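In case it helps, our numbering puts the sequence shown at residues 530 to 932.
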Amino acid sequence: MLAHEVLLSLNSKLAFEPVGGTTGNLTLGRGKIAGVPAYIAIVENKIASGSLGAKESDKLASLFKVVTAQKAPLVMYLDSAGARVSEGLPALGAFRHMYRAALAMAASGAPTAAYCGANCFGGASMLAALAGTRYYAKNTRFAMSGPAILAQSAGVSVLDEMFQAMSLSSIGADARIKLSAENLPASFGAPLPAGTLPQQRHAELQGRLAQISKGVVATPPEKVQRKDLEKLYPSGYDLVEKDGLVSGEAVYEGAPVSVVGLVGGRLLGAVRACDAADMLWKKLASPPKVLHLLVDCASHATALDDERVMLSAYLADLACAIYALAAAGTHIETTVLEKLGGGVYVALSAASTNVNLLYGADIQLLPGAAIASILGDAQDQVFDIAEYQKARVAERELKLGIV
530 MLAHEVLLSL NSKLAFEPVG GTTGNLTLGR GKIAGVPAYI AIVENKIASG
580 SLGAKESDKL ASLFKVVTAQ KAPLVMYLDS AGARVSEGLP ALGAFRHMYR
630 AALAMAASGA PTAAYCGANC FGGASMLAAL AGTRYYAKNT RFAMSGPAIL
680 AQSAGVSVLD EMFQAMSLSS IGADARIKLS AENLPASFGA PLPAGTLPQQ
730 RHAELQGRLA QISKGVVATP PEKVQRKDLE KLYPSGYDLV EKDGLVSGEA
780 VYEGAPVSVV GLVGGRLLGA VRACDAADML WKKLASPPKV LHLLVDCASH
830 ATALDDERVM LSAYLADLAC AIYALAAAGT HIETTVLEKL GGGVYVALSA
880 ASTNVNLLYG ADIQLLPGAA IASILGDAQD QVFDIAEYQK ARVAERELKL
930 GIV
């Protein structure tokens, strides 16, 4: 079935009945799957590539909370490019809070399925990655980055025939279905299985990485010494960095804290995201009282190698590990050292109690080049802390005696 046929079938075979009016690209309602009552959320490509603005994200968050409380089946149809770039910070802040509700839903074990439309990109793909089962139309493309961004990263035209073939073989429906037993061709009628708990999924994600980790030479960990960290942790810290991943302990406001970080300004790919998630999942055995997530990472990786293994799933896994620690009682603070944006922001902020910015650091919905490809404007906007707070993107600015 093509994407439009999947949507028609979803409406008819699941006896979809809308509840309330349509909000932007989102319509919520009820239906039945295999005779069992289910909630249904449909995100169509009506405006702005099916993107999710603040209003759509807030309504989805409310639905996910109901599904979590009732452990009721949920079916989503997602034909979406993710958060709405034209709304800027408010869309990002709303997506952050919606994704936290989605993480709670995934952790609850509620049976969920995502039917992916023609395009399922960015935050929408991270949302679909939390579902217990994903169904793909024949013409589905599923990735963190759309073909235009992937082509730009590869230094070729999106119209290049060889690139198009490589892209389809990486992010098309057939490639996704081969990748995991949770990825299936679109069909209707079967009851939804109980959701796979996120920690169980982590081991399978680790196993996928052999194809892009082969031949990579491991580098030894190095002691971390940074002026900004000396100001953040004046009572001392003991951190090491390996391949852009920081770990260790520090003293903050007189108390010990556990520290994990993504530093160096490198885009976050599947391998480093998986390593960070693994480090956090292991902490669940003895959850720390306080966890600081330090980050300088403007966006996710835009290479086909990362998309072949479904980068969205690795960002979702990282977010799930953070949520699991928060649910276990760990107080989590995400601190932006320089830059943070996109799906990496969502993964690191959704379950955090606070998002902090060092003075001069900034959070963007997407890097300037990506925004330019969507809106035609490559200028990075500069926001103050009041704007971040109003949009629910960050809670505090840390000046640390710098000014």
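For glycine and all other residues, C-beta sits at the position ideal for the given N, C-alpha and C. For clarity, every value in this text was computed on a predicted model and none was experimentally measured.
### Message
Using C-beta distances below 6 Å, list every residue in its chain close to Ser674, excluding the 5 sequence neighbours before and after it, in chain order.
### Response
Thr831
Ignoring anything shorter than 3 residues or poking outside the segment 830–883, list the beta strand (DSSP E) runs there in chain order.
-> 860–870
In whole angstroms, what is the alpha-carbon distance linking Tyr628 and Asp913? 24 Å
Q) How would you call Gly550, buried or exposed, if buried means at least 16 neighbouring beta carbons within 10 angstroms? A) exposed
Is Val932 buried or exposed, if buried means 16 or more other CB atoms sit within 10 Å of its CB?
Confidence is the limiting factor: at Val932 the pLDDT is only 46, short of 50, which leaves the residue's position unreliable and the question unanswerable from this model.
task: Specify whether the segment 681–688 and the segment 559–571 touch according to this definition: at least 3 beta carbon pairs, one from each stretch, less than 8 Å apart.
output: no
Under DSSP, the beta strand (DSSP E) around Ala570 begins and ends at which residues?
565–572
Assuming Glu585 and Thr552 are in contact, meaning their beta carbons sit under 8 Å apart, how far apart are those beta carbons, in whole angstroms? 6 Å
Leaving out the 5 sequence neighbours to the left and right, which residues in its chain are closer than 7 Å to Ser699 when beta-carbon positions are compared?
-> Leu833, Glu836, Arg837
Quick one: what's got a C-beta closer than 6 Å to Pro676's C-beta in the same chain, skipping five residues either side?
-> Val687, Ser696
*Please name the residue or residues paired with Phe717 in a DSSP beta bridge.*
None; Phe717 has no bridge partner.
- What whole-angstrom Cβ distance do Val873 and Leu823 have, given they're in contact under 8 Å? Rounded, the Cβ-Cβ distance is 13 Å, inconsistent with contact.
Would you please state the rounded distance, in angstroms, between the beta carbons of Arg801 and Gly773? I believe it to be under 8 Å. 6 Å
Taking contact to mean at least 3 C-beta pairs separated by less than 8 Å, is the segment 594–610 in contact with the segment 640–651?
yes
Classification of Asn648 by the beta-carbon crowding that lies within 10 angstroms, buried from 16 upward:
buried
Taking the beta carbon of Thr864 as the centre, do at least 16 other beta carbons fall within 10 Å, making it buried, or is it exposed?
buried
Given Ala723, which residues of its chain have a CB within under 8 Å of its CB, disregarding the five upstream and five downstream residues? Gly638, Pro640, Gly661
| field | Integer Cβ distance of Asp804 from Leu734, believed to fall under 8 Å | value | Actually they do not touch by this definition, with Cβ atoms about 11 Å apart.
| query | With DSSP run on the structure shown, which of helix, strand or coil describes Met691? | reply | helix
query = Who are the Cβ neighbours of Ala704 in its own chain at under 8 Å, not counting the five residues just before and after it?
reply = Leu697, Ser698, Arg837
* Just reading off the alpha helix (DSSP H) that Val735 is part of, what are its end residues? -> The amino acid at residue 735 is misidentified as Val; the sequence shows Gln. 727–737 is the extent of the alpha helix (DSSP H) around Gln735.
| Are three or more beta carbon pairs between the segment 878–895 and the segment 577–592 nearer than 8 Å? | no
Practice task
Using the Cα positions of Asp807 and Ala633, report the straight-line distance between them to the nearest angstrom.
Solution key: 19 Å
message = Using a 10 Å radius around the Cβ and a threshold of 16 neighbouring Cβ atoms, would you call Pro602 buried or exposed?
response = buried
(message) Can you tell me where the alpha helix (DSSP H) holding Ile678 begins and where it ends?
(response) 676–683
(Q) For Gly617 and Ser654, what's the separation of their Cα atoms in angstroms? (A) 19 Å
Worksheet item: What are the boundary residues of the alpha helix (DSSP H) that includes Asp757?
Response: 756–761
- Item | Alpha carbon of Val596 to alpha carbon of Val819, nearest angstrom | 29 Å
Exercise for review: Would you grab the beta carbon distance between Thr828 and Leu796 for me? Rounded to a whole angstrom, and I think it's under 8 Å.
Suggested key: Contrary to the premise, residue 828 reads as Ser rather than Thr in this sequence. Indeed they touch by this definition, with Cβ atoms about 6 Å apart.
* Out of Leu894, Ala702, Ala784, Gln728, which has the shortest C-alpha to C-alpha gap to Ala850? -> Gln728
- request: Using only alpha-carbon positions, find the residue among His626, Ala855, Leu738, Gln918 that is nearest to Gly798.
  value: Leu738
task = Evaluate Lys588 with the Cβ neighbour count: other Cβ atoms within 10 Å of its Cβ, from every protein chain shown; 16 or more gives buried, anything less gives exposed.
result = buried
(Q) Taking its Cβ as the centre, do 16 or more other Cβ atoms sit within 10 Å of Leu537, making it buried, or is it exposed? (A) exposed
Option nearest Ala590 by Cα separation, candidates Gly793, Leu866, Leu557: Leu557
- Query: Three-state secondary structure (DSSP) at Ile700?
  - Reply: helix
Report the rounded CA-to-CA distance for Gly622 versus Leu854, giving the unit in angstroms. 21 Å
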